[in-house]
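>
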Amino acid sequence: MNSLLSRSEIEELIAQGRSIVIYRNLVLNVDKWIKYHPGGDKAIFHMIGRDATAEMDAYHSNLTIATFKKWRIGVIDYPWENMVPPIQGGVYRLAEKMDQLSETSDDTVVDIEPDENFELKPRREDSNAGGVSVDLNEAFAKQIIFDPVMACDKYHQDRVRKDMLQYPSVDQKTQGWVTKEYYKTHQQIIDAGLYKCDYFSYVKELARIGLLLFLSFHLLYKWDHKVLSALLLACVWQQAVFIAHDAGHVSITHNYQLDNIFGMIIASALGGLSLGWWKRNHNVHHLVTNDPNHDPDIQHLPFFAVSTLLFKNVYSTYYDRVLKFDSLAEKLIPFQHYFYYPLLAFGRFNLYVLSWKHVLLGQGPRHGTAAWFRYFELCGLIFFNYWFTYLIICCKLQTFSDRLIYILVSHFTTMIVHVQITLSHFAMSTSDLGIGESFPQKQLRTSMDIDCPRWIDFFHGGLQFQVVHHLFPRLPRHNLRAAQPYVVKFCERVGIKYSIYGFSKSNRVVLSHLQQIAQQAKTMVDCVKTI
5 MNSLLSRSEI EELIAQGRSI VIYRNLVLNV DKWIKYHPGG DKAIFHMIGR DATAEMDAYH
65 SNLTIATFKK WRIGVIDYPW ENMVPPIQGG VYRLAEKMDQ LSETSDDTVV DIEPDENFEL
125 KPRREDSNAG GVSVDLNEAF AKQIIFDPVM ACDKYHQDRV RKDMLQYPSV DQKTQGWVTK
185 EYYKTHQQII DAGLYKCDYF SYVKELARIG LLLFLSFHLL YKWDHKVLSA LLLACVWQQA
245 VFIAHDAGHV SITHNYQLDN IFGMIIASAL GGLSLGWWKR NHNVHHLVTN DPNHDPDIQH
305 LPFFAVSTLL FKNVYSTYYD RVLKFDSLAE KLIPFQHYFY YPLLAFGRFN LYVLSWKHVL
365 LGQGPRHGTA AWFRYFELCG LIFFNYWFTY LIICCKLQTF SDRLIYILVS HFTTMIVHVQ
425 ITLSHFAMST SDLGIGESFP QKQLRTSMDI DCPRWIDFFH GGLQFQVVHH LFPRLPRHNL
485 RAAQPYVVKF CERVGIKYSI YGFSKSNRVV LSHLQQIAQQ AKTMVDCVKT I
């Protein structure tokens with residue numbers, strides 16, 4: 005258990021297919037834990053070969069940390085340099101094969117490098133992504149004719165270079181210092197008592213939702229006001245999402261079972277959505293935020309592309325399939341800034357499909373404390389369709405037009421929450437600055453906050469503090485505003501920009517970014533047609 009393992013020994017274990025994660029100075033083999041992990045297997049896969057201390061501390065309670073420590077197989081007494089996880093394209097060779105290679109070649113294999121065919125993003129300022137072998141600025145100046153995709157590569161590389169100049173170096177010493185300062189800030193937040201949940205705030209939340217739900221039913225059944233009833237029901241769903249989000253992060257009671265039961269009742273029985281699906285998706289989003297290959301929250305082809313890397317038919321490690329930039333994407337992406345709001349109006353219908361798929365196919369944990377959640381959610385989804393689809397849509401509403409109007413109004417209005425969710429990430433960096441970038445710097449680089457008065461916090465439901473939330477995901481929502489000054493001071497100490505805009509400006513920033521990507525897509529498509 006306490007045997008000292010060398011880096012080469014750990015590489016050998018990963019090459020053999022073991023799921024090795026570094027936590028502080030412990031070497032953990034989490035093979036047996038993966039099927040029990042409530043947050044899904046994908047989240048663990050992205051931590052293999054890495055020092056996941058900051059991530060594991062951020063997402064787990066002390067009790068859970070004590071639990072997974074039992075999976076240790078050894079220790080290290082040296083600073084750990086992260087390896088590329090296999091799911092992200094890391095290639096690991098068995099020691100005997102490495103010895104054979106060194107005997108037959110003059111080149112010595114030292115580091116484990118990512119598969120060139122898989123890796124689509126530059127890791128250094130001088131790297132060539134996507135097979136670009138010439139200086140693009142020079143090529144344009146000389147009017148060299150080349151693959152139009154190269155223009156998009158140049159656009160992306162310019163953004164990567166900008167990020168490298170704007171953010172602290174990703175060398176181990178610098179990022180270690182950033183992480184150390186992050187832990188100091190986290191301790192200040194703990195000392196300030198901000199992990200204590202204000203339960204009275206949730207009483208007010210539930211009272212607001214209950215009142216909206218009562219008025220919605222009263223208007224429909226008593227006064228026959230279908231449109232107004234549908235609008236109020238949409239407000240119920242919008243507000244309920246925030247509570248489900250809190251419960252999914254176990255930030256209410258900090259008791260895993262209680263928070264998830266509460267969250268599943270809100271999400272599935274009241275909203276018709278699967279909390280289990282959301283958690284599996286959301287945990288990956290938090291760990292690999294805004295990575296075009298890995299983050300499902302920005303993988304919306306053929307409707308949206310927030311990075312030119314998505315023009316290359318990238319392989320999604322979350323969906324386990326290629327995201328094709330097909331003919332439909334070629335038609336839609338050049339106009340995505342016009343379709344942003346209309347397409348988000350259909351977001352809830354897509355969530356229904358994903359939720360049912362998750363539950364019916366058993367994509368969540370099938371073992372351990374979370375195994376029974378699947379059946380609980382199934383009951384919740386059935387109940388939702390009983391009261392909404394059967395009692396309201398089929399029984400109460402008599403004509404096809406009334407049914408259609410009620411469904412569209414109630415579902416289209418929830419576009420508000422989809423806008424709130426995407427605002428914090430769609431316009432932020434999608435660069436890969438290397439496997440050495442620390443957890444706190446990556447979260448600050450890929451997220452932004454929305455500035456708003458305190459009195460309207462209820463409308464945003466905590467989503468306006470995405471930067472704070474991404475740094476401290478288990479922090480109770482109603483304490484995020486109080487934690488914000490600590491984050492601002494942390495950013496000032498380490499020299500990382502804290503991105504925050506007003507609601508209207510944040511919308512303009514996102515639309516502007518979508519328009520820039522749309523223009524790149526249009527240029528590429530037009531060039532291909534011309535050639």
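Counted the way my numbering counts, the sequence shown spans residues 5 to 535. We treat Cβ as the ideally placed atom computed from N, Cα and C, and that holds for glycine.
Start and end of the beta strand (DSSP E) containing G78?
76-79 is the extent of the beta strand (DSSP E) around G78.
> How many angstroms separate the CA atom of A431 from the CA atom of L358?
Distance between the alpha carbons of A431 and L358: 25 angstroms.
> Specify the secondary structure class of P118 as computed by DSSP and reduced to three states.
With a pLDDT of 38 at P118, under the threshold of 50, the modelled position of this residue cannot be trusted; read the value that follows with caution. Note: P118 maps to strand in three-state DSSP.
> Report yes if the CB atom of L216 is closer than 8 angstroms to the CB atom of L236, and no otherwise.
Yes, the Cβ-Cβ distance between L216 and L236 is below 8 angstroms.
> In three-state terms, what does DSSP make of D55?
strand
> For V25, which beta-bridge partners are listed by DSSP?
L32
> Have a look at S503 and S510 and give me their C-alpha separation to the nearest angstrom.
Going by C-alpha positions, S503 is about 10 angstroms away from S510.
> Where K501 and F204 are concerned, what is the direct C-alpha to C-alpha distance, given to the nearest angstrom?
34 angstroms
> Would you kindly work out how many angstroms separate the C-alpha atoms of I454 and H482, rounded to a whole number?
For the pair I454 and H482, the Cα-to-Cα distance works out to about 15 angstroms.
> Cα-Cα, which of G440, Y379, P90 is closest to P83?
With respect to the C-alpha of P83, the residue from G440, Y379, P90 having the closest C-alpha is G440.
> Can you tell me whether G280 is buried or exposed, with buried defined as 16 or more other CB within 10 angstroms of its CB?
By the neighbour-count rule (16 or more Cβ atoms within 10 Å), G280 is buried.
> Please give me, in chain order, every unbroken run of the alpha helix (DSSP H) with length at least 4 that falls completely inside the stretch 345-372.
Listed in chain order, the complete alpha helix (DSSP H) runs (minimum 4 residues) inside the stretch 345-372 are 351-364.
> In the DSSP output, what is R325 paired with across the bridge?
S320
> Is I505 helix, strand or coil when you go by DSSP?
Ile is not the amino acid found at residue 505; the sequence shown has Tyr there. Three-state DSSP puts Y505 in a strand.
> Taking I265 and I247 to be in contact with their CB atoms under 8 angstroms, please state how far apart those CB atoms are, rounded to whole angstroms.
Going by Cβ atoms, the distance from I265 to I247 rounds to 13 angstroms, so no, they are not a contact pair.
> With a threshold of 7 angstroms on Cβ separation, who are the neighbours of I14 within its own chain once the five nearest residues in sequence on each side are excluded?
I24, V31
> Classify L105: buried if its beta carbon has 16 or more other beta carbons within 10 angstroms, exposed otherwise.
Unreliable placement is indicated for L105, whose pLDDT of 45 sits below 50; no coordinate value is reported for it.
> Using a Cβ-Cβ cutoff of less than 7 angstroms, which residues in the same chain neighbour Q176 once the five nearest sequence positions on both sides are dropped?
P83, E85, G440
> Please name the residue, chosen from W360, F339, M168, that lies closest to Q520 on a Cα-to-Cα basis.
Nearest of W360, F339, M168 to Q520, Cα basis: F339.
> Could you spell out the range, first to last residue, of the alpha helix (DSSP H) harbouring I454?
Per DSSP, I454 belongs to no alpha helix (DSSP H); it is in the beta strand (DSSP E), 453-455.
> Excluding the 5 residues flanking I397 on each side, which residues of the same chain have their C-beta closer than 6 angstroms to its C-beta?
Closer than 6 angstroms at the Cβ level, and outside the excluded window around I397, lie R407.
> Under a CB-based cut-off of 8 angstroms, is V326 close to chain C?
Here chain C cannot be found, since the structure has a single protein chain.
> Could you please give the first and the last residue of the uninterrupted alpha helix (DSSP H) stretch that includes W281?
279-291
> How about V363 and Y322: do their beta carbons lie closer than 8 angstroms?
no
> Just to confirm the assignment, what range does the alpha helix (DSSP H) spanning N88 have?
According to the sequence as given, residue 88 is Val; it is not Asn. Taken as a continuous stretch (DSSP letters only), V88 belongs to no alpha helix (DSSP H), as it is neither H nor E.
> Pick helix, strand or coil for H304, following the three-state DSSP scheme.
strand
> Using CA atoms only, rank isn't needed, just tell me which of I194, L437, N297 is closest to A486.
Looking at the Cα atoms, I194 is the closest of the given residues.
> Only counting the same chain, and skipping five residues up and downstream in sequence, which positions put a Cβ closer than 8 angstroms to that of P300?
Around P300: N285, V288, H289, S320, Y322, Y323.
> Among H429, E496, F507, Q523, whose alpha-carbon lies nearest the alpha-carbon of P172?
Nearest to P172 by C-alpha distance, out of H429, E496, F507, Q523, is E496.
> Please list, in chain order, all residues of the same chain as D250 whose beta carbon is under 6 angstroms from its beta carbon, the five residues on each side excluded.
In chain order, I256, R481 place their CB closer than 6 angstroms to the CB of D250, counting only its own chain and leaving out the 5 sequence neighbours on each side.
> To the nearest angstrom, how far is it from the Cα of K526 to the Cα of Y159?
Whole-angstrom Cα-Cα distance: 13 angstroms.
> On the DSSP bridge list, what partners appear for L3?
This structure gives no information on residue 3, because the portion of the chain shown stretches from 5 to 535.
> Here's the rule I'm using: 16 or more other beta-carbon atoms within 10 Å means buried, otherwise exposed. How should L8 be labelled?
exposed
> What three-state label does DSSP hand Q191 in the structure shown?
helix
> Starting from E496, trace the alpha helix (DSSP H) in both directions and tell me its first and last residue.
Going by DSSP, E496 is part of the alpha helix (DSSP H) stretching over 484-498.
> For L169, which residues from the same chain have a beta carbon less than 6 angstroms from its beta carbon, with the 5 sequence-adjacent residues on both sides left out?
none
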